[in-house]
Amino acid sequence: MFGLEYKDSRMLILVAILVALAPFMLNPFPEGSGMAQFNAGYPDLMQRFVIFGIFAIGFNILFGLTGYLSFGHAAFLGVGSYAAMWMMKLLTMNVVPGIIFSVLVAGVFSLAVGWISLRRSGIYFSILTLAFAQMSYSLAYSVLTPITGGETGLQPKVTDPRILDGSLAEGTIAKANFFGLEMGSSFELQLGSWLFTFNAGYYLAAVVMLIAFYISIRIFRSPFGLMLRAVKSNQQRLNYTGLNTKPYTLAAFVISGMYAGLAGGLMVAMDTQVGAERMFWTASGEVVLMTILGGVGTLIGPVLGASAIKYMENILSKINSDILHQWFAFLPDGLEEFVITLIYPFIGKGWHLTLGLIFMAVVIFLPGGLVEGGQRIANLFKRKMPGKDARDNKS
Amino acid sequence: MEAIILQVLNGLDKGSAYALIALGLTLIFGTLGVVNFAHGALFMIGAFCAVTLSRIISISRTIIDDSQTDFLGNPLKVDVPYVYDWFGQATGDVIIDWAVPLSILFAIPIMVAIGVAMERGLIKHFYKRPHADQILVTFGLAIVLQEIIKYFYGANPIPTPAPDAFRGSFDFGAAFGFDPNVIIYPYWRLVYFSFAAVIIASVFAFLQFTTFGMVVRAGMADRETVQLLGINIDRRFTLMFGMAAAVAGLAGVMYTPINSPNYHMGMDFLVLSFVVVVVGGMGSLPGAVLAGFLLGILESFASMREVLTILPGLNQIIIYLVAIIILLTRPRGLMGRKGVMED
Amino acid sequence: MSKINLTRRSVLQTGAITGAGLALPTYLSAASHSGFTNAPTGDTVTLGFNVPQTGPYADEGADELRAYKLAVDHLNGGGDGGLMNTFSSKALQGNGILGKKVEFVTGDTQTKSDAARASARSMIEKDGAVMITGGSSSGVAVAVQALCQEAGIIFMAGLTHSNDTTGKDKKANGFRHFFNSYMSGAALAPILADNYGKDRKAYHLTADYNWGYTTEEAVRTSTEAMGWETVAAVKTPLTQTDFSSYIAPVLQSGADVLVLNHYGGNMVNSLTNAVQFGLREKQVNGKNFEIIVPLYSRLMAKGAGANVKGIFGSANWHWSLQDEGSKAFVKSFGTKYGFPPSQAAHTTYVQTLLYADAVERAGSFNPCAVGEALSDFQFDGMGNGPTLYRGADHQCFKDVLVVKGKENPTSEFDLLEIVEITPTSQVTYDASIFGGELGACNPGA
Chain A
13 MFGLEYKDSR MLILVAILVA LAPFMLNPFP EGSGMAQFNA GYPDLMQRFV
63 IFGIFAIGFN ILFGLTGYLS FGHAAFLGVG SYAAMWMMKL LTMNVVPGII
113 FSVLVAGVFS LAVGWISLRR SGIYFSILTL AFAQMSYSLA YSVLTPITGG
163 ETGLQPKVTD PRILDGSLAE GTIAKANFFG LEMGSSFELQ LGSWLFTFNA
213 GYYLAAVVML IAFYISIRIF RSPFGLMLRA VKSNQQRLNY TGLNTKPYTL
263 AAFVISGMYA GLAGGLMVAM DTQVGAERMF WTASGEVVLM TILGGVGTLI
313 GPVLGASAIK YMENILSKIN SDILHQWFAF LPDGLEEFVI TLIYPFIGKG
363 WHLTLGLIFM AVVIFLPGGL VEGGQRIANL FKRKMPGKDA RDNKS
Chain B
3 MEAIILQVLN GLDKGSAYAL IALGLTLIFG TLGVVNFAHG ALFMIGAFCA
53 VTLSRIISIS RTIIDDSQTD FLGNPLKVDV PYVYDWFGQA TGDVIIDWAV
103 PLSILFAIPI MVAIGVAMER GLIKHFYKRP HADQILVTFG LAIVLQEIIK
153 YFYGANPIPT PAPDAFRGSF DFGAAFGFDP NVIIYPYWRL VYFSFAAVII
203 ASVFAFLQFT TFGMVVRAGM ADRETVQLLG INIDRRFTLM FGMAAAVAGL
253 AGVMYTPINS PNYHMGMDFL VLSFVVVVVG GMGSLPGAVL AGFLLGILES
303 FASMREVLTI LPGLNQIIIY LVAIIILLTR PRGLMGRKGV MED
Chain C
27 MSKINLTRRS VLQTGAITGA GLALPTYLSA ASHSGFTNAP TGDTVTLGFN
77 VPQTGPYADE GADELRAYKL AVDHLNGGGD GGLMNTFSSK ALQGNGILGK
127 KVEFVTGDTQ TKSDAARASA RSMIEKDGAV MITGGSSSGV AVAVQALCQE
177 AGIIFMAGLT HSNDTTGKDK KANGFRHFFN SYMSGAALAP ILADNYGKDR
227 KAYHLTADYN WGYTTEEAVR TSTEAMGWET VAAVKTPLTQ TDFSSYIAPV
277 LQSGADVLVL NHYGGNMVNS LTNAVQFGLR EKQVNGKNFE IIVPLYSRLM
327 AKGAGANVKG IFGSANWHWS LQDEGSKAFV KSFGTKYGFP PSQAAHTTYV
377 QTLLYADAVE RAGSFNPCAV GEALSDFQFD GMGNGPTLYR GADHQCFKDV
427 LVVKGKENPT SEFDLLEIVE ITPTSQVTYD ASIFGGELGA CNPGA
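Take a look at the structure:
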């Protein structure tokens, strides 16, 4: 399908199904039950899953294929966001021009940064990208305040020009939309005590992510992708054969920068706000964590990693001691206190600790990330099937 | 002129903190070939050694003073440190006052132990893994360490003043014939600078003039050959890790009176110290020290208001701008070796 | 190819879903028929407490959270009722809000606008919160306020001091009880002139972002009006930790007052550094050198330790106030947690009560009705004296405290003393001076 091999198209279809059914799958627990705390099927988080998925897929094109570790990708995300926001303020609240513009601006910016940074390799390259990103962050937060809004960021205002849109009706505010379909509008389905939310913004972002995923598969399987892998395994040898690798790595850098810009544009489209913290080095570090956590160089890994981190950030941080008390109310008092004391440091305000521990565990025990974990589990089951090993041995 | 002398002084002081951290990082990188993102966390733990010791010294028993009331109108509880009981109030106050310098003795064994435990428990398993994995696992460790500190000490900065003897500042101007009050510098910062100079000098002397140091240097150059000579290089490298941790920790201990320590001070320094190390050139000890002082001085100059009126915002980006310029003109930083960390 | 058919079908399905979405445009509300977002349906109502739990302001966030829990307790009839006894409006009965038991959800803003909005959206979309409150910086407050405006939720700002929150970024659904930069400047200037004289030369160090700009401007304008001269104003990066290179040149400039327009960690470090340089022992132009911190908080004072002694600043509230409201609040907070509340705790507690009271008086949770009940609402007994929630910009106008670092603290919480209670009239300004557009209230669905 679409020029993909059987295995890849199977994966693409699988991802498409998962994404389409996400509102069901992420809400496995009925409303009002104690476990509803763990439901992730609300628009904001689902949107973040796919948007950060796009960001990580793009990052993986650079890091996974060429091995160049950029510590400055958040800058492209931020620049894309600012670009989209200005389109929405000046032109129209329709998200399409904003998203297109964000990709273009991030592309141009990453071309400039990549052109300079790719003169060096290894950690020198990482530090160069980090330096550009930190400069963008610092300037956006301070002296560029007239353009970026600085600390308070940018939001649409009633007084914005929006030359393509008609004037607002009295007492309404401008909302991001896709040819009239508001990004915030949702359709809700109540089945028994389960409540499922289908959000227009989420499905728009999901479609964009599927396209981005498809393009990334095509890149992975193309001669261009092969060339990038060659850069990763031995750049020197390529250079000796008379090949100039710079155009290839630069192209990969710009593509992944455009992915980041696309993610930034979508973030603004889903949630009309942009602030400079989006470009801070920890945000660049986060996408590295996502990619590694999921599995570097794999197609699906970055998406899994992005979802895992965003899930922890949004779900774990909201569990407070009162909720723990509700959960363990069935235990005798002394034991209840004890269990809560044990768990409390890891949830709520301690969610960073859990993130750090999980992250260390993955790097130590699963260098291939969650994808490797999945494969190991799958192998475990395969081995358990009677007679399978024997057959394998024969062949 | 005075302004420039003043900023050079400032830069040397700032630079000594950068140089100390960068030196520790480079020691670890140069010997073990490991990129340690938890190094900032070691600096932070050092600072909290000082906090902990000053808390231990001030452990108190509580007496109830009926003549005073607290905010709820109950009798006031007054804490009396045990050191008062043991040494009398005057000596007790001196001990509490000198908590930070005393913590140096307290911090060295702790930091060496943490360093060795870290190397044996975690880093050892990462020698053969790619640099990216090392960065990531130590980054994870840094998060865990700082969250543990935050759990026990909270997120707010904790004031840890220098001894009273070092309050106030030294008037260089008056001493060297300028107008008084023009070039002044706090005593404690002078102490910090001298302390850093001593530590840096002793690390270099240790590597240069002791047999242990010679073996380590040989190991840095060619690990396998040294091992073939029947020398247990691994154990020495472990000790080097402990030493690097101690350097970072001492930098942290002495830094506490300058800025009240908080749990994320390590992360604040982390990015900066990496820039310093890379600008200095990966694996080069003199490079790290040189780059530390250079960036410190340039940062100080960029914060002058004469400069900022011409180029507003320069103080925000100076470090990164210098890093970019140096890396573009000198491919491996100031004194980096070819082929190190370039793949 | 059958697979293409499948894709086409899924496209058709998506079309059907979006069609349904068009027919039923809701901003996620099970009870959209009631005319506003997240209308409480059962016998409970959910409030969202969105405070920094990680990052540098985590301790401040923790204190806010304590205050929120106390407020919820009091609203549901628990505890000693706290400020409900002294509050001039007697609409609250201690039986929840409009008879519905108050429940709450908490979230972590991380003091980042993105994280704060993500957390607030999850409260709105997932937990059905009908009001969001909290925050410890103006960036977060402005971001979440804009979100609440869009979603049709009431936002009761926590600790945010920038003029922008109820100035150029004000929103009809957002309300602020805390004071702002302008008020700090207006309250401080006369006290400074009384204590330090009218012939002073000031040197400003300003945090290089919006809050810093508005604070510098406020202090500058009001002190210059008193006859002070501003020698220089230097901007410092937010990420700066060592301020020595900014402080060292101060003496040379001929200034005899240093104003530190810094907050949080920046303030703790810059003040510590300035005191270290021995500035306060110096004599310039024949006068004692002085340092001023326009915005004080107890947690910052704690972080700076002995360095705050004798240094002037302003505050929204302090636990040593002796009016009935403050005493009642200190008593119930102190009894529950064992130490006196911070001003962040006070403002968040008061905001929660004010919201609940407005709902009671309006007889509805509808944001527009609540907003109307809060607008131009005059009250007393909440610890700040007679207070007005101005309708034109949703800013509270009340007395402002000028405080000073205490010379001989008796405990680790007794760090500041009140120098002067500046009356409301002196800090009131015209609602239009900061620009911005309040817009119309948005009930959401």
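Residue numbers (this note's numbering), protein chains in the order written: chain A, 13 to 407; chain B, 3 to 345; chain C, 27 to 471.
C-beta: ideal position from N, C-alpha, C; glycine also.
Where does residue 359 of chain A fall in DSSP's three states? DSSP places residue 359 of chain A in coil when its eight states are reduced to three.
Go ahead and pull the three-state DSSP assignment for residue 422 of chain C. In the displayed model, residue 422 of chain C falls within a strand according to three-state DSSP.
CB-CB under 6 angstroms to residue 421 of chain C, same chain, minus the five flanking residues each way: which ones, in chain order? Within the same chain, 192 and 202 come within 6 angstroms of residue 421 of chain C by CB-CB distance, once the 5 residues on both sides are set aside.
With 9 angstroms as the threshold, decide whether the Cβ of residue 122 of chain A is near any Cβ in chain C. By this cut-off, residue 122 of chain A is not an interface position.
Would you please state the rounded distance, in angstroms, between the beta carbons of residue 81 of chain A and residue 134 of chain B? I believe it to be under 8 angstroms. Confirmed, Cβ separation roughly 6 angstroms.
Where in the segment 31 to 101 of chain B do unbroken runs of the alpha helix (DSSP H), each at least 4 residues long, occur, reported from the N-terminal end onward? Runs of the alpha helix (DSSP H) inside the segment 31 to 101 of chain B: 41 to 59 and 84 to 99.
Residue(s) in a DSSP beta bridge with residue 188 of chain B: Assignment of beta-bridge partners to residue 188 of chain B by DSSP yields B:171.
Specify, as a first and last residue, the run of the alpha helix (DSSP H) that residue 338 of chain A falls within. Segment 333 to 339, the alpha helix (DSSP H) holding residue 338 of chain A.
Buried or exposed for residue 119 of chain C, please, with buried defined as at least 16 other CB atoms from any protein chain shown within 10 angstroms of its CB. Taking a 10 Å sphere around the C-beta of residue 119 of chain C, we find fewer than 16 other C-beta atoms and assign the residue as exposed.
Judging by CA-CA distance, which residue of C:299, C:242, C:254 and C:69 is the nearest neighbour of residue 270 of chain C? Comparing Cα-Cα distances from residue 270 of chain C to each of C:299, C:242, C:254 and C:69, the minimum goes to C:299.
Tell me which same chain residues have a C-beta within less than 6 angstroms of the C-beta of residue 20 of chain A, skipping the five on either side of it? Apart from the 5 residues on each side of it in sequence, residue 20 of chain A sits with its Cβ closer than 6 angstroms to the Cβ of 229 in its chain, given in chain order.
Give every residue of the same chain whose Cβ lies closer than 7 angstroms to the Cβ of residue 123 of chain A, excluding the five residues on either side of it in the sequence, and list them in chain order. Closer than 7 angstroms at the Cβ level, and outside the excluded window around residue 123 of chain A, lie 266.
How about residue 310 of chain C: is its Cβ closer than 8 angstroms to a heavy atom in the ligand FAD? Ligands are entirely absent from the displayed structure, and the ligand FAD is therefore not among its contents.
Please report the straight-line C-alpha distance between residue 314 of chain B and residue 155 of chain A, rounded to a whole angstrom. Taking the straight line joining both Cα atoms gives about 7 angstroms.
Check whether the Cβ of residue 47 of chain C lies closer than 9 angstroms to any Cβ atom in chain A. For residue 47 of chain C, the predicted model reports a pLDDT of 38, less than 50, meaning its position is unreliable and no value from the coordinates is stated.
Residue environment, residue 341 of chain A, which counts as buried when at least 16 other CB atoms sit within 10 Å: Under this definition residue 341 of chain A is an exposed residue.
Between the segment 261 to 270 of chain B and the segment 29 to 38 of chain B, do three or more beta carbon pairs fall short of 8 angstroms? No, the segment 261 to 270 of chain B is not in contact with the segment 29 to 38 of chain B.
Under 6 angstroms Cβ to Cβ from residue 57 of chain C, same chain only, skipping five residues before and after it: list those, please. Its pLDDT being 41, under 50, residue 57 of chain C is placed unreliably by the model, and the measurement read from it follows with that caveat. Result list for residue 57 of chain C: 65 and 67, in chain order.
So that I know if they touch, is there some Cβ in chain A lying closer than 9 angstroms to that of residue 263 of chain C? The C-beta of residue 263 of chain C comes closer than 9 angstroms to at least one C-beta of chain A.
Cut-off 7 angstroms between Cβ atoms - residues of its own chain near residue 321 of chain B, not counting five sequence neighbours on either side: Residues 274, 277, 297 and 301 of the same chain have their beta carbon placed closer than 7 angstroms to that of residue 321 of chain B, with the five preceding and five following residues left out of the count.
Check whether chain B comes within 9 angstroms of residue 273 of chain A, counting only Cβ atoms and requiring the distance to be less than that. Between residue 273 of chain A and chain B, the shortest Cβ-Cβ separation is not below 9 angstroms.
Answer with buried or exposed for residue 27 of chain A, where buried requires no fewer than 16 other C-beta atoms within 10 angstroms of its C-beta. With 16 or more Cβ atoms within 10 Å of its Cβ, residue 27 of chain A is classed as buried.
Three-state secondary structure assigned by DSSP to residue 43 of chain A: Three-state result, residue 43 of chain A: coil.
For the beta strand (DSSP E) that contains residue 340 of chain C, what are its first and last residues? Secondary structure note for residue 340 of chain C: its beta strand (DSSP E) is the uninterrupted segment 338 to 341.
Applying the criterion that 16 or more other CB atoms from any shown protein chain within 10 Å of the CB defines a buried residue, is residue 224 of chain B buried or exposed? Answer is exposed; the Cβ neighbour count stays below 16.
Give me whichever residues DSSP pairs with residue 255 of chain C in a beta bridge. DSSP lists C:227 as the bridge partner or partners of residue 255 of chain C.
Strictly under 9 angstroms for the Cβ-Cβ distance: is residue 57 of chain A near chain C by that measure? Flagged as an interface residue toward chain C: residue 57 of chain A, by a C-beta distance shorter than 9 angstroms.
To the nearest whole angstrom, what separates the beta carbons of residue 246 of chain C and residue 262 of chain C, a pair I think is in contact under 8 angstroms? About 16 angstroms; that fails the 8 angstroms criterion.
In the segment 52 to 121 of chain C, which residue ranges form an unbroken alpha helix (DSSP H) of at least 4 residues, counting only runs that do not cross its ends? Runs of the alpha helix (DSSP H) inside the segment 52 to 121 of chain C: 84 to 101.
What is the rounded straight-line gap between the Cα of residue 55 of chain A and the Cα of residue 173 of chain C? Roughly 14 angstroms between the two C-alpha positions.
Can you tell which of C:73, C:69 and C:96 has its C-alpha closest to the C-alpha of residue 358 of chain C? Checking every option, the nearest Cα to that of residue 358 of chain C belongs to C:96.
Can you grab the Cα-Cα spacing for the pair residue 33 of chain C / residue 330 of chain B, in whole Å? Note that residue 33 of chain C scores 33 on pLDDT, short of 50, meaning its location in the model is unreliable; the coordinates nonetheless yield the value given after this. Their backbone Cα atoms lie some 50 angstroms apart in a straight line.
Please report how far the alpha carbon of residue 159 of chain B lies from the alpha carbon of residue 349 of chain A, in whole angstroms. Note on geometry: alpha-carbon atoms of residue 159 of chain B and residue 349 of chain A lie some 30 angstroms from one another.
Could you have a look at residue 136 of chain B and say whether DSSP puts it in helix, strand or coil? Here residue 136 of chain B carries a helix assignment [DSSP, helix/strand/coil].
Residues in the same chain with beta-carbon distance under 7 angstroms from residue 49 of chain C, minus the five sequence neighbours each way, listed in chain order, please. In this predicted model, residue 49 of chain C has a pLDDT of only 36, less than 50, meaning its place in the structure is not dependable enough to derive any value.
Please report how far the alpha carbon of residue 404 of chain C lies from the alpha carbon of residue 415 of chain C, in whole angstroms. In a straight line, the C-alpha of residue 404 of chain C is about 6 angstroms away from that of residue 415 of chain C.
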